[in-house]
Amino acid sequence: MVVRKIAENVYYVGLDDNITEFFEGIWPLPYGVSYNTYLIEDNEVALIEPGVKKELAAKYLDELETAVSLPEIDYIIVNHNEPDHSGTLPLLYRLTKAKIIASKFGVNLIRSFYNISERVTSVGSGDSLKLGKTELKFITIPGVHWPDSMITYETNNKILFSSDVFGTFGSLRGCVFDSELDLAFYIEEAKRYFVNIIGKYAESAARALEGLKNIKIEIIAPAHGPVWKEYIDSIMNLYRNLASRVSRDKITIIYGTMYGFTEELAMYIASRLAEKGFEVEVFNGVTEHPSFTISSIWDSKVVIIGSPTYDNDAFLPILTHVIYIRSKLIKDKKYAIFGSFGWSGKGYKKIQEILAELGWKLIEPIV
4 MVVRKIAENV YYVGLDDNIT EFFEGIWPLP YGVSYNTYLI EDNEVALIEP
54 GVKKELAAKY LDELETAVSL PEIDYIIVNH NEPDHSGTLP LLYRLTKAKI
104 IASKFGVNLI RSFYNISERV TSVGSGDSLK LGKTELKFIT IPGVHWPDSM
154 ITYETNNKIL FSSDVFGTFG SLRGCVFDSE LDLAFYIEEA KRYFVNIIGK
204 YAESAARALE GLKNIKIEII APAHGPVWKE YIDSIMNLYR NLASRVSRDK
254 ITIIYGTMYG FTEELAMYIA SRLAEKGFEV EVFNGVTEHP SFTISSIWDS
304 KVVIIGSPTY DNDAFLPILT HVIYIRSKLI KDKKYAIFGS FGWSGKGYKK
354 IQEILAELGW KLIEPIV
């Protein structure tokens with residue numbers, strides 16, 4: 004647990020989670036994840052993002068009390084009600100007399116999730132709250148990636164409390180700011196976070212980013228990952244490109260193999276493409292989780308899929324990756340298929356059917 008001042012009257016209160024194996028029960032966390040909350044102390048005190056998932060709530064509250072006496076909290080700002088953000092809310096509600104601020108949809112979710120309806124106020128874009136000299140402005144961003152999502156902007160220090168937007172996987176290991184950490188690692192984990200968590204709603208994310216264009220931002224304080232200060236342009240540009248579905252001159256190869264034959268083909272294809280100067284990323288779809296393959300595919304121009312035939316159908320591990328591609332609505336790629344078989348070479352047909360739904364264009368022939 005880390006408590007640290009990040010600006011005048013503003014404190015980071017965060018907790019690393021290196022125990023949870025899968026974020027949302029789906030996405031691997033080999034490097035952990037952080038849960039970030041923020042405390043603003045003025046004439047009145049506000050807590051932004053009400054804590055962590057419920058399994059860590061007691062630990063979080065113990066540490067929060069080292070930064071503030073809980074009865075002193077006047078407002079709890081709920082940017083987003085997903086339980087990894089709001090799991091501590093019922094305890095905070097009982098232990099404080101704070102007023103809860105959320106979007107209109109967020110108010111409904113608070114009632115639905117936690118049966119809390121008293122001391123709850125809804126806000127919309129353009130609404131504001133004064134804590135003294137500190138002013139908070141609210142911007143709703145429905146669909147990024149839940150319908151209740153909003154962003155809170157603190158005007159004095161020009162801090163954007165961005166909820167899941169600009170978030171990353173990866174615990175912070177006692178650090179807080181981007182300048183204290185390995186930038187390349189967190190940019191890559193920010194990309195994986197975007198594709199896995201927000202990607203399906205890329206168009207909503209693009210609209211939200213467009214709405215931030217005229218706001219002066221000196222610090223981005225997300226709900227997961229580093230506080231962005233020195234490298235704001237890096238995370239902004241990454242999110243803009245991802246939300247706009249910008250593709251690079253890159254080829255992603257995913258293959259599955261039972262006895263090595265399809266793997267031999269994959270390695271041959273990859274080596275020949277590399278010889279010709281192409282950037283190539285290769286994934287064994289049996290051992291690699293789709294979280295990583297779809298992150299690579301998101302900004303690739305071409306995807307090459309290798310599948311042996313299994314039970315007269317596509318190889319199940321590869322079909323799983325293709326289903327993940329569909330679930331995140333990764334659209335309009337060029338792709339090729341290769342594979343191996345003994346007596347029936349029909350392993351590609353289901354793959355073709357799914358990718359056709361997404362507007363993918365097949366590069367023939369199938370090998």
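Quick note on numbering: the sequence shown equals residues 4 to 370 in my numbering.
In this text, a Cβ means the ideal position worked out from N, Cα and C, and glycines have one as well.
- The Cβ neighbour count for T290, taken over all protein chains shown within 10 Å, is under 16; the residue is labelled exposed.
- Per the coordinates, the alpha-carbon of S152 lies some 38 Å from the alpha-carbon of A317.
- Residue state for V147 is assigned as coil, using DSSP reduced to three classes.
- By the Cβ criterion, the stretch 171–186 is in contact with the stretch 25–39, since at least three pairs of Cβ atoms, one from each stretch, lie closer than 8 Å.
- Within the DSSP secondary-structure output, L163 pairs in a beta bridge with Y156 and I223.
- The DSSP-derived three-state label of R195 is helix.
- Nearest C-alpha to V16 among I254, N46 and I51: I51.
- Contact check for I79 against I43 fails: the beta carbons are separated by 7 Å or more.
- Excluding five sequence positions before and after F188, none of the CB atoms of its chain fall closer than 6 Å to its own CB.
- If you draw a straight line from the Cα of E213 to the Cα of V306, it comes to about 29 Å.
- For I235, same chain residues with a beta-carbon under 7 Å away, outside a window of 5 residues either side, are I220 and I223 in chain order.
- Taking 7 Å as the cut-off, the beta carbon of G90 is found no closer than this to the beta carbon of K133.
- K334 sits in coil when the DSSP states are folded into three classes, being neither helix nor strand.
- Contact between E282 and I254 holds: CB atoms are separated by about 7 Å, below the 8 Å threshold.
- In its chain, beyond the 5 residues on either side, I257, G288, P293 and T296 have a beta carbon closer than 6 Å to the beta carbon of H324.
- Relative to L268, the option among S343, I142 and K364 whose CA is nearest is S343.
- For V16, the enclosing beta strand (DSSP E) has its first and last residue at V13 to D20.
- Taken through DSSP and simplified to helix, strand or coil, P31 comes out as strand.
- For K62, the closest alpha carbon among the candidates V5, A105 and T99 is that of V5.
- Contact check between the stretch 198–205 and the stretch 327–336: three or more CB pairs, one atom from each, fall below 8 Å, which counts as touching.
- Of the residues P229, F286 and K136, the one whose Cα lies closest to the Cα of S166 is P229.
- Beyond the five residues adjoining it in sequence on each side, E233 comes within less than 6 Å, by CB distance, of D181 and S182 in the same chain, given in chain order.
- Counting only residues of its own chain and dropping the five nearest sequence neighbours on each side, Y338 has a CB closer than 8 Å to the CB of V305, V306, I307, I308, L358, W363, K364, L365 and I366.
- Within the stretch 50–107, the complete alpha helix (DSSP H) runs of at least 4 residues fall at 60–67, 86–89 and 92–98.
- The Cβ neighbour count for L241, taken over all protein chains shown within 10 Å, is at least 16; the residue is labelled buried.
- The beta-carbon separation of F264 and P311, rounded to 7 Å, stays under the 8 Å limit for a contact.
- Take the alpha-carbon of D65 and the one of P93: they are about 15 Å apart.
- Inclusion of I238 and F169 in the CB contact set at 7 Å is warranted, their separation being smaller than that value.
- By alpha-carbon distance to I272, the top candidate from E284, M261 and V249 is E284.
- If one requires a minimum length of 4 residues, the alpha helix (DSSP H) runs lying completely within the stretch 267–334 are 293–301 and 319–330, in chain order.
- Around the CB of N84, 16 or more other CB atoms lie within 10 Å, so the residue is classed as buried.
- Here DSSP, grouped into helix, strand and coil, assigns I254 to strand.
- The Cβ atoms of I119 and Y96 sit closer than 7 Å to each other.
- Taking all protein chains in view, the Cβ of T99 is crowded by 16 or more other Cβ atoms within 10 Å, so the residue is classified as buried.
- By the C-beta density criterion, L319 is exposed, having fewer than 16 other C-beta atoms within 10 angstroms.
- The distance from the Cβ of E11 to that of N159 is about 7 Å, consistent with a contact at the 8 Å cut-off.
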